[in-house]
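Quick note, the sequence shown lines up with residues 588 to 951 if you use the working numbering. Notes to accompany the following structure.
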Amino acid sequence: MRRALELAARGRGRTSPNPMVGCVLVSPEGEVVGEGWHPFAGGPHAEAAALAAAGDAARGATAYVTLEPCDHHGRTPPCTEALIEAGVAEVVIAHLDPDPRVSGRGVERLEAAGVRVSVGTLAAEAEALNEAYLTAQRLGRPFVLYKAATTLDGKTATAAGESRWITGEAARERVHAWRDELDAIAVGVGTVLRDDPALTTRLPGGRTPLKVVFDSSLRTPPTARLLDPDPEGEPARVVVYAAAGAPEGRARRLEERGAEVVTLPAPDGRPDVGAALRDLGRRLVRSLLLEGGGTLAWSFLARRAVDRVAFFIAPKLLGGPAPGPVAGPGVPALPCAYALADVRSERVGDDLLVQGRVVYPEVG
Numbered sequence: 588m589r590r591a592l593e594l595a596a597r598g599r600g601r602t603s604p605n606p607m608v609g610c611v612l613v614s615p616e617g618e619v620v621g622e623g624w625h626p627f628a629g630g631p632h633a634e635a636a637a638l639a640a641a642g643d644a645a646r647g648a649t650a651y652v653t654l655e656p657c658d659h660h661g662r663t664p665p666c667t668e669a670l671i672e673a674g675v676a677e678v679v680i681a682h683l684d685p686d687p688r689v690s691g692r693g694v695e696r697l698e699a700a701g702v703r704v705s706v707g708t709l710a711a712e713a714e715a716l717n718e719a720y721l722t723a724q725r726l727g728r729p730f731v732l733y734k735a736a737t738t739l740d741g742k743t744a745t746a747a748g749e750s751r752w753i754t755g756e757a758a759r760e761r762v763h764a765w766r767d768e769l770d771a772i773a774v775g776v777g778t779v780l781r782d783d784p785a786l787t788t789r790l791p792g793g794r795t796p797l798k799v800v801f802d803s804s805l806r807t808p809p810t811a812r813l814l815d816p817d818p819e820g821e822p823a824r825v826v827v828y829a830a831a832g833a834p835e836g837r838a839r840r841l842e843e844r845g846a847e848v849v850t851l852p853a854p855d856g857r858p859d860v861g862a863a864l865r866d867l868g869r870r871l872v873r874s875l876l877l878e879g880g881g882t883l884a885w886s887f888l889a890r891r892a893v894d895r896v897a898f899f900i901a902p903k904l905l906g907g908p909a910p911g912p913v914a915g916p917g918v919p920a921l922p923c924a925y926a927l928a929d930v931r932s933e934r935v936g937d938d939l940l941v942q943g944r945v946v947y948p949e950v951g
């Protein structure tokens, strides 16, 4: 199963809206006779690739699969049928697929055909690999990773607004790797006006995600760099979420530059985060890298819509009335704080990267 997880990870950033899946076939004598993984959405599933590699040796073998095999027709035939027809004797599954078209049905189909099935081997590791896919399936919205770069005293810019560059080149490379991996990237209009970011992925062969801007009154300039083609020359894919009643002329100018303007309810004057995430979910966006400022970050936290945070902490001190990574009104008391679980840290160049899963308070 560990080998199957290694294979599954080869599809990182390329399988969405599908999950990453790996499969290893082992003969009754204990020899690996076939391996496969899902390389990209629409491509062969891991089980089919492993069966093709094994050929006749699949008969009587045990299949180790990182996710429950599908039992429905999509762009490819059901993997359950392929496993049964190949004569596989046993299927070991890391965990079930929460997709209602699959959940439990794959196991039932295999067992009905006389195939032995077990579930739960390295389940935690497999779920961590597909955290974005599983979040989207279970919550009906994209998985959200909030990334911020701060100094040691918690500043994201100088008092004058200068933020380039707080962290070093190694940290920026890590961020570009996330942009290549995740489906979309979001900022607020304040970031657009202050930094004029391109929001591209500057990696060889990298994929630039869907760009999302939260912009209540459509202040994003039509000349903004994020509207330009990506480094490969592909047209930018941009969605701008505005409040109802935003100026139509501004919307038209952005649309002429290729952006899609979507108006949303704005109970506090800002586009509703929950409505935006539901819209992204309908677009099959499974994961979102949140790179906006502290105000936008607070809006997401207040909606319990940040799943993980990743803070790069630079060994610098700025002082003064400079902004921090989370703004808004703040929590009313310590018991209402947003806590982090599964915290891990690592050195990235000269900076420290701290990551963790957000645990929302039961009060407040």
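We put the CB at the ideal spot given by N, CA and C, even for glycine.
Item: State the DSSP-derived secondary structure class of Phe898, mapped to helix, strand or coil.; Value: strand
Item: So, Leu876 versus Leu716, is the Cβ gap smaller than 8 Å?; Value: no
Item: According to DSSP, which residues form a beta bridge with Leu797?; Value: Ala771
Item: With a cut-off of 8 Å, do at least 3 Cβ pairs link the region 912-922 to the region 877-885?; Value: yes
Item: Taking all protein chains shown into account, do 16 or more other C-beta atoms lie within 10 angstroms of the C-beta of Arg766, making it buried, or fewer, making it exposed?; Value: buried
Item: In three-state DSSP terms, what is Glu847?; Value: strand
Item: Just tell me which of Val702, Pro818, Gly691 has its CA closest to the CA of Ala650.; Value: Val702
Item: Pairs of beta-carbons, one from the region 789-806 and one from the region 926-937, closer than 8 Å: are there three or more?; Value: no
Item: Any chance you could list the alpha helix (DSSP H) runs of at least 4 consecutive residues sitting entirely within the region 719-786, in chain order?; Value: 756-768, 776-782
Item: Give me the Cβ distance between Ala746 and Pro908, rounded to the nearest whole Å; I'm assuming they're in contact under 8 Å.; Value: 5 Å
Item: Quick one: is Trp752 buried, meaning 16 or more other Cβ sit within 10 Å of its Cβ, or exposed?; Value: exposed
Item: Use the C-beta contact count for Ser705: other C-beta atoms within 10 angstroms, 16 or more gives buried, fewer gives exposed.; Value: exposed
Item: Under a Cβ-count criterion, where at least 16 other Cβ atoms within 10 Å of its own Cβ denotes burial, should Glu618 be classed as buried or exposed?; Value: exposed
Item: Hey, Glu655 and Leu638: beta-carbon distance below 8 Å or not?; Value: no
Item: In terms of DSSP beta bridges, what is Gly830 paired with?; Value: A small correction: the amino acid at residue 830 is Ala; Gly does not occupy that position in the sequence shown. Leu851.
Item: Just the C-alpha distance for Thr738 and Arg895, rounded to the nearest angstrom, thanks.; Value: 20 Å
Item: For a test of the three-state rule: what should DSSP assign to Thr882, helix, strand or coil?; Value: helix
Item: So for Cys610, helix, strand or coil by DSSP?; Value: strand
Item: Following the continuous alpha helix (DSSP H) through Thr649, name the residue where it begins and the one where it ends.; Value: Unbroken run through Thr649 is the beta strand (DSSP E), 649-652; no alpha helix (DSSP H).
Item: Using the three-state DSSP reduction, which class does Gly642 fall into: helix, strand or coil?; Value: helix
Item: Does the count of Cβ pairs from the region 813-832 and the region 855-865 closer than 8 Å reach three?; Value: yes
Item: Going by DSSP in three states, Leu888 sits in which element: helix, strand or coil?; Value: helix
Item: Does DSSP put Arg943 in a helix, a strand or coil?; Value: The sequence shown places Gly at residue 943, rather than the Arg named in the question. Three-state result, Gly943: strand.
Item: Could you compute how far the alpha carbon of His763 sits from the alpha carbon of Val945?; Value: 22 Å
Item: Have a look at Leu707 and Val652 and give me their C-alpha separation to the nearest angstrom.; Value: Contrary to the premise, residue 707 reads as Gly rather than Leu in this sequence. Their Cα atoms are separated by approximately 11 Å.
Item: Since Asp938 sits in a beta bridge, which residues does DSSP pair it with?; Value: Val935
Item: What does Gly621 pair with, by DSSP beta-bridge criteria?; Value: Leu612
Item: With H, G and I counted as helix, E and B as strand and the rest as coil, what does DSSP make of Asp866?; Value: helix
Item: Excluding the 5 residues preceding and the 5 following Pro852 in the sequence, name in chain order all residues of the same chain whose CB lies nearer than 7 Å to its CB.; Value: Ala831, Asp859, Ala862
Item: Less than 8 Å between the C-beta atoms of Ala924 and Pro948, yes or no?; Value: yes
Item: Tell me the DSSP bridge mates of Leu875?; Value: Val731, Ala771
Item: What's the gap between the Cα of Leu594 and the Cα of Gly623?; Value: 7 Å
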